[in-house]
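Protein chains: 2
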Amino acid sequence: MKKESSLKVAPTFRLVGILGGMGPAATVDLMQKVIDATPATRDQEHVPLIVWNVPQIHDRVAAIQDSNAPSPAPEMCRGAIALTRAGVEAIAIACNTAHFWAGEIEAALQETGVPLIHIADTALAQLAHEGRTMLLATEGTIQSGIYSSRAAKLGLELQIPDSAMQQAINQGIADIKRNNIPVAQKLLAPYLQSAQAAGVTTFLLGCTELPLAIRGTPFEAKSLDATETLARAIVAFSRGLLTK
Amino acid sequence: MKKESSLKVAPTFRLVGILGGMGPAATVDLMQKVIDATPATRDQEHVPLIVWNVPQIHDRVAAIQDSNAPSPAPEMCRGAIALTRAGVEAIAIACNTAHFWAGEIEAALQETGVPLIHIADTALAQLAHEGRTMLLATEGTIQSGIYSSRAAKLGLELQIPDSAMQQAINQGIADIKRNNIPVAQKLLAPYLQSAQAAGVTTFLLGCTELPLAIRGTPFEAKSLDATETLARAIVAFSRGLLTK
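Chains as they are written, first to last, in the working numbering: chain A, 1 to 244; chain B, 1001 to 1244.
Laid out in structure tokens, this is it:
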């Protein structure tokens, strides 16, 4: 370290790529959470990111639900490869549902040696080992097993909402997208209370919208925002605290 | 248009590069304003952006104030060239002060044919031609003539705050950076009122922080946020409404 000039600009941060645009608001949400998770006192101590925020990509929900619908995977792989060409040392995806194609992206990245920081891995790593966790997410995320398959490998079991609660969550997410946050809070509260009464100790928030309805409520302290765990992992990787 | 398959993903949006990281919060602010300025009903109708959010770059204020301090221009040019290699068709800088080096960036881009969408140009183009405009910004932005030199070319005169008002603005910006927005509002209000009493009809907000202190006050309707004008220009360029 002695040889470094004081003018040298923080050479020790690794460049991280964000595959975003699915949608742009979720991309901005992840970037803001990376800023919030960074112990910086000046600009130069923030994490360097290159962000591929290109929303011209086939619909993810349609592609999961209908095997005849076009896959967004080729466009996602194109973005991931473009990020590696620009010099990133790891890639994160700013969308829970898009992790459905994580395997295809990892395969495309294999030659480059650039790892994918997977949101389910970062969330599950930060879950308390005791207690019972319920995954709150879109039906697409839950049905596609993005979280449950990786949880199973760790010997963790994730509860999922019953059909009535899932319908309320779907409606709540739609309300939040329309910026009706108090409506969503009121709708979700009795379901969250019932889940707690039935023994759930932690709500794993596996979608971008739900944290907005949980913030400032009594459920916040019992929740883990998957995007925040991804943001913390990006910061740790960039600062060299997380190995590839 | 008839030949396009309904599955084809919005081919008519131009890819825009954002040179950010100066700092990351200003970058997120511009991205959010691009989202807000976009008439989209679904993800695919949002503007495609590649964002170079790399804060490991020499201090801009120090470089303007001290000719012996290292220049951030080489790093900015490196980011701009990397964005063009990734395919962007225009570049915008997410920082008022960094426009001090706009000429160097334009020179670096000349070979590529990729234009810089300059924040002073977008702001001045959206100013009413009648009335008197006062530029509210950091001392660095004002002294370096980023706005005034381009205004002069258009035959527009920008008023600047007197020394006491500029000191209040400096303090207000520092308060906003510390999230003390009501304190900044209270500090700035009498100066803004005096300026209006002296004939100022529009406040041109040429820094990222000041819009946060103006929002929701009676001065909002009399203000033009330069970042919003840049965001609107990015959207217009991407949608093909603005020529290169």
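Using N, Cα and C, we set each Cβ at its ideal position, and we do this for glycine too. In this text, all values refer to a predicted model and were calculated from it rather than measured experimentally.
Closest in C-alpha terms to Trp1052(B), from the list Asn53(A), Val54(A), Leu49(A), comes Leu49(A).
Close to chain B, meaning a Cβ-Cβ distance shorter than 8 Å, are the following residues of the segment 10–34 of chain A: Ala10, Pro11, Phe13, Leu15, Gly21, Met22, Gly23, Pro24, Ala25, Thr27, Val28, Met31, Gln32, Val34. For Phe203(A), DSSP records a beta bridge to Met134(A), Ser223(A). Using a Cβ-Cβ cut-off of 9 Å, Glu1130(B) does not count as an interface residue toward chain A, since no Cβ of chain A sits closer than that to its own. Within chain A, the residues placing a beta-carbon under 7 Å from that of Trp1052(B) are Ile50, ordered along the chain. Within the segment 52–85 of chain A, not a single complete beta strand (DSSP E) segment reaches 3 residues in length. Chain-order list of chain B residues neighbouring Gln166(A): empty, with the shortest C-beta distance near 23 Å, by a criterion of under 9 Å. Around the beta-carbon of Asp175(A), 16 or more other beta-carbon atoms lie within 10 Å, marking it buried. In the DSSP assignment, Ala168(A) falls within the alpha helix (DSSP H) that extends over 163–177. C-alpha of Arg1014(B) to C-alpha of Phe1237(B): approximately 7 Å in a straight line. Residue contact check for Pro1182(B) against chain A: no CB pair falls below 9 Å. Annotation: Cβ neighbours of Pro1055(B) in chain A (cutoff 7 Å, chain order): Asp43, Gln44, His46, Pro48. For Ile1146(B) against His1099(B), the beta-carbon gap comes to about 5 Å, under 8 Å, which counts as contact. The three-state secondary structure of Ala1197(B), taken from DSSP, is helix. The distance from the Cβ of Leu1083(B) to that of Ile1091(B) is about 6 Å, consistent with a contact at the 8 Å cut-off. At a cut-off of 9 Å between beta-carbon atoms, Gly140(A) makes no contact with chain B. Annotation: Cβ neighbours of Ala1082(B) in chain A (cutoff 7 Å, chain order): Ala86. Counting along the chain, no beta strand (DSSP E) covers Gly21(A), and no H or E run does either. For Asp1225(B), not one C-beta of chain A is nearer than 9 Å to its own C-beta.
The beta carbons of Ala1233(B) and Leu1204(B) sit about 15 Å from each other, so the pair does not count as a contact at 8 Å.
Under DSSP, Ile117(A) shares a beta bridge with Ala92(A). In the DSSP assignment, Gly103(A) falls within the unbroken alpha helix (DSSP H) covering 102–109.
Each of Thr1201(B), Ala1086(B), Gly1172(B) was checked against the Cα of Leu1187(B), and the nearest Cα belongs to Gly1172(B). Proximity of Asp59(A) to chain B, defined by a Cβ-Cβ separation below 9 Å, is satisfied. In the DSSP assignment, no residue is bridged to Ile1181(B).
By the Cβ rule, the segment 1209–1218 of chain B does not count as touching the segment 1103–1115 of chain B, because fewer than three pairs are nearer than 8 Å. Going by DSSP, Ile142(A) is part of the alpha helix (DSSP H) stretching over 139–143. Just so you know, the alpha carbons of Met134(A) and Gln159(A) end up roughly 4 Å apart. With respect to Gly1140(B), Thr1097(B) sits close: the two C-beta atoms are nearer than 9 Å. In this chain, the alpha helix (DSSP H) harbouring Leu1212(B) covers 1210–1214. Listed in chain order, the non-local C-beta contacts of Val200(A) below 6 Å within the same chain comprise Arg132, Met134, local neighbours out to five positions each way being set aside. DSSP links Leu1049(B) through a beta bridge to Asn53(A), Val1016(B). Segment contact: the segment 1028–1042 of chain B against the segment 17–33 of chain A, three or more CB-CB distances shorter than 8 Å; contact assigned.
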